[in-house]
Amino acid sequence: MPTVKEILNTMEYGPAPEADSPVREWLEHHRDGFRHYIGGAFVQSSEGGTFRVMNPARDEPLANVAEGTTRDIDAAVSAATSAFPAWSTLPGHARARYLYAIARHIQKRERFLSVLETLDNGKPIRETRDIDIPLVARHFYHHAGWAELIETDIPDHGPVGVCGQIIPWNFPLLMLAWKIAPALAAGNTVVLKPAEYTPLTALAFAEICSEVGLPPGVVNIVTGDGATGAALVAHAGVSKIAFTGSTEVGRIIRKATAGSGKKLSLELGGKSPFIVFEDADLDGAVEGVVDAIFFNQGQVCCAGSRLLIQEGISDRFLDKLRRRMATLRVGDPLDKSIDMGAIVDPAQLARIESLVQQGVTEGGTLWQSDCELPARGSFYPPSVFVNAEPASTIAEVEIFGPVAVAMTFRTPEEAVQLANNTRFGLAASVWSENIDLALDTASQIKAGVLWINSTNLFDAAAGFGGYRESGFGREGGREGLLEYLVPMIEKSLLPAAPRTVAKLDASPHGGLKTAKLPEIDRTAKLYIGGKQARPDGGYSWTVTAPDGTALGEAGIGNRKDIRNAVETAVKAKGWSGQAGHNRAQVLYFMAENLSARAGEFADRLRSSGHSGEAAANEVEATIRRIFYYAAWADKFDGRVHATRSRHLTIGLHEPFGVIGLVCPDEAPLLGMISLILPAIAMGNRVVVVPSPVQPLSATDFYQVLDTSDVPGGVVSIVTGARAELAKTLADHDEVDALWYAAPRSEWAAVELASAGNLKPVWTLEGDRTDWHATTTGQGPRFLRHATQLKTIWVPYGE
Ligand code: NAI
40 MPTVKEILNT
50 MEYGPAPEAD
60 SPVREWLEHH
70 RDGFRHYIGG
80 AFVQSSEGGT
90 FRVMNPARDE
100 PLANVAEGTT
110 RDIDAAVSAA
120 TSAFPAWSTL
130 PGHARARYLY
140 AIARHIQKRE
150 RFLSVLETLD
160 NGKPIRETRD
170 IDIPLVARHF
180 YHHAGWAELI
190 ETDIPDHGPV
200 GVCGQIIPWN
210 FPLLMLAWKI
220 APALAAGNTV
230 VLKPAEYTPL
240 TALAFAEICS
250 EVGLPPGVVN
260 IVTGDGATGA
270 ALVAHAGVSK
280 IAFTGSTEVG
290 RIIRKATAGS
300 GKKLSLELGG
310 KSPFIVFEDA
320 DLDGAVEGVV
330 DAIFFNQGQV
340 CCAGSRLLIQ
350 EGISDRFLDK
360 LRRRMATLRV
370 GDPLDKSIDM
380 GAIVDPAQLA
390 RIESLVQQGV
400 TEGGTLWQSD
410 CELPARGSFY
420 PPSVFVNAEP
430 ASTIAEVEIF
440 GPVAVAMTFR
450 TPEEAVQLAN
460 NTRFGLAASV
470 WSENIDLALD
480 TASQIKAGVL
490 WINSTNLFDA
500 AAGFGGYRES
510 GFGREGGREG
520 LLEYLVPMIE
530 KSLLPAAPRT
540 VAKLDASPHG
550 GLKTAKLPEI
560 DRTAKLYIGG
570 KQARPDGGYS
580 WTVTAPDGTA
590 LGEAGIGNRK
600 DIRNAVETAV
610 KAKGWSGQAG
620 HNRAQVLYFM
630 AENLSARAGE
640 FADRLRSSGH
650 SGEAAANEVE
660 ATIRRIFYYA
670 AWADKFDGRV
680 HATRSRHLTI
690 GLHEPFGVIG
700 LVCPDEAPLL
710 GMISLILPAI
720 AMGNRVVVVP
730 SPVQPLSATD
740 FYQVLDTSDV
750 PGGVVSIVTG
760 ARAELAKTLA
770 DHDEVDALWY
780 AAPRSEWAAV
790 ELASAGNLKP
800 VWTLEGDRTD
810 WHATTTGQGP
820 RFLRHATQLK
830 TIWVPYGE
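First residue of the sequence shown? That's 40 in our numbering, and the numbers climb one at a time after it.
Have a look at this one:
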């Protein structure tokens, strides 16, 4: 044992291990293997299969766990289905009591759960004890509050049903809390599948559910691997899937659920920028990097893995960073003075090693701390590539380990450009002492979470989730809760009406008897970038009234027309930057111009089969709808969230960018306007595919757009075959979101095609929606689908 004098000379840390005996005893008690938690009981796998769970820090087995089969998933979904009627109709206050009890029990077991998480995952006890588990308790407390408040604060909403939840291994119990707490608060029942590397805290949580007397079947936990997850995703009894994990599996799940009507939220990967301006507090920023990329060994979806450093300070900053990295201690995660623990599994370690090797082969300069690594277990040293090329593999791909990739930039514009040069959009950190610069940069970065002079901050009250291929949907706060609720009106749709199917026949007169044809005065063109345009293919079809009378010709748009329209929409981004007030002025002007032509529009509707009264009503309702969204243009505010003290945590509603709108056949004018207006009021630019049954009201609308100062490219209209055009929109990487207001039978194809860039698709049963009713045809839910939440954390104080 060293003497005090020797210790003072070397300043070496001694070992400070956290006791693990209570957890070891618990594991010993379960020596025969852990079982699934289904219907309030612990049950074996239907086929008796098990798999081994390892402690990655020591390379030793911890436990055997049941391998979930399709039958196990069936049993769990059936238990959740049986529990749903009673749980969903409990008064919110009763659900609040259960959630509160869970929070209290977690707190009572905080040390136990921290040690168990550390043994199972390999992350340092410092993190499980100080971050993961306290946040787990916080989530249940916060959502106990929501259970109490939903009825009054989010009225006219109900639970979705049985929710399938699939979580990863990097924050095992925290991800469980993020999913189960809001689901239960909202009155849903759940089947959760933990990650195969780290199922143990979920099973300890199951014991807590039993202890607090949670009704059987409200929470079910089925352990297993990807195949078990896939069975859960595929199950017809599940109404919602919530997934956190790799973008690759997110894409598989998007495809697997296409057309099923299941609600979906995806929290996927990232390659988040960490921007250091030359006026930043460099020592603070270095500590920021430590938290950004060495926290949890870099196995964090929102890890600040791309360091963008302003050129003038780059050398100095990297020197400081290397010096700090050299002091990080990697080792036994149960040691309280360890900074970095183990990588979750040898397979993940091998993945990190291979990506780093690729970085070196591609010419990157790697610097690694020469810290001592334990002889046993999966460990990796803190690493940084100091001169990465923006287009290199390591700068683009999620390494998911303690490996930062540094690049330089000269100007703030270049910083934003580099930051957005990724297919992901989960998070970003911006470091500058100039608050104007920091916030201006934050506003331009396409990411769901922005941290100013800070990083990796999370809280139950603030939404977390991504833009682009980092997924969609939010966890935490009101937005997170809404993922587990459905507006009651979506549950009370009209019965499906018999459909008219438009035939786009481009042969002369569409095969109609010429004798019956009245004079056709003009062929409506497409409307692209503020100008009328001939369809690329040069074809049009004859639009007919229900009695077969020809009404006019409409252009048959194709892929190229859609691409042209998207290109003009991308360029029209000035619209997104306008103040809501300015957009409202344009919208009001649109209403005024429509009003001036109300007679013409009513005539058009009459000619297509509306009665005189119905036609006049639809035009009038359309004018009112424009007023409604003009009113909202400057009122759909974000919030300041009550997270932690001395932080302004701001939830901003940002437009998606370019939205594809596929319009319903019903109410040809009003239905289309009910989609266009909320989208553009929030600052999006739209490419509209009108109903092919009655497209002429849409093409007449060009004139209103032309005369209302709507900038070119903000609204483009492409007529033609709906399914084909919609698929092109769904496929297109520069279309950020898609609304599809057409019958359910058509959903699968667009949802499948959307998996490319993982754009959110809002499917509305256009044919079963009463577009005239103010309850169903308009409302804040349209605005919510027109915006994505950006959460900006701004700490203050010295
Ligand atoms: P993964 O995405 O395969 O696993 C996450 C969860 O999905 C696990 O519970 C897994 O069993 C389940 N799963 C796998 N295939 C499934 C399927 N077809 N259907 C339904 N569920 C399925 O991630 P993995 O393989 O553990 O890690 C690979 C890479 O993914 C990591 O290196 C990292 O880059 C990324 N990743 C990102 C995470 C994040 O939080 N964004 C978390 C975990 C991994």
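All residues carry an ideal CB built from backbone N, CA and C; glycine is no exception.
Item	Value
Buried versus exposed call for E190 [16 or more other C-beta atoms within 10 Å across all chains shown]	exposed
Proximity test, Cβ basis, 8 Å: D330 and chain B	Absence of chain B from the displayed structure is noted, only one protein chain being present.
The stretch 433-446 / the stretch 389-404 touching (three or more Cβ pairs under 8 Å)	yes
Other residues of its chain near E401: CB distance less than 8 Å, five sequence neighbours each side excluded	E428, S431, T432 and I433
Boundaries (first-last residue) of the beta strand (DSSP E) holding R91	T89 to N94
Beta-carbon contacts of S353 that lie in its chain and below 6 Å, excluding the five residues immediately before and after	T447
L47, buried or exposed, once every other Cβ within 10 Å from all chains shown has been counted against 16	exposed
N-terminal and C-terminal residue of the alpha helix (DSSP H) that F640 is part of	A637 to S646
Contact set for G510: own chain, Cβ-Cβ below 7 Å, skip 5 residues either direction	G289, L305, E306, L307, G504 and L797
G53 beta carbon near ligand 1 (any heavy atom closer than 7 Å)	no
From I665, V726 and T49, residue whose alpha carbon lies closest to that of I756	V726
Distance between I205 and D264 (C-alpha atoms, nearest Å)	10 Å
DSSP state of K301 mapped onto helix, strand, coil	coil
Contact check, D809 vs F695, beta carbons under 8 Å	no
Integer Cβ distance of E508 from F439, believed to fall under 8 Å	Between F439 and E508 the Cβ distance is about 15 Å, and since that is not below 8 Å, they are no contact.
N-terminal and C-terminal residue of the alpha helix (DSSP H) that M711 is part of	L709 to A720
Nearest candidate by alpha-carbon position, reference I292, set I831, S793 and G516	S793
Any 3 or more C-beta pairs closer than 8 Å across the stretch 136-148 and the stretch 176-183	yes
Where C202 sits in the DSSP three-state scheme	strand
Distance between D374 and N492 (C-alpha atoms, nearest Å)	29 Å
Top-ranked residue by Cα proximity to I145, from I474, L231 and L174	L174
Contacts around K555, its chain only, beta-carbon distance under 8 Å, and the 5 residues preceding and following it disregarded	Legend: pLDDT at K555 = 42, less than 50; position of this residue unreliable, value from coordinates given subsequently. Contacts found: G587, T588 and A589.
Proximity to T128 [Cα-Cα], best of A275, L152, P238 and V257	V257
Cβ-based neighbour list, A319, same chain, cut-off 6 Å, excluding 5 preceding and 5 following	W470 and S471
Burial state of G300 (16 or more Cβ within 10 Å)	exposed
Same chain only: Cβ atoms within 8 Å of P254, ignoring 5 sequence neighbours per side	G79, A122, A125 and W126
Residue environment, G370, which counts as buried when at least 16 other CB atoms sit within 10 Å	buried
Any non-hydrogen atom of ligand 1 closer than 7 Å to I382 Cβ	no
Buried versus exposed, by CB contacts within 10 Å (16 or more), D704	buried
Contact under 8 Å by Cβ, P312 with L457	yes
M214 in three-state terms, based on DSSP	helix
Cβ contact (3+ pairs, closer than 8 Å) linking the stretch 736-751 and the stretch 622-635	yes
Short Cβ contact (8 Å threshold) for V525 with H274	no
Start-to-end residues for the beta strand (DSSP E) that takes in G516	Not the beta strand (DSSP E): G516 falls in the alpha helix (DSSP H), residues G516 to L521.
Those residues which DSSP pairs with V800 across a bridge	L777
Closest residue to L412 among E437, V425 and I382 (Cα-Cα distance)	I382
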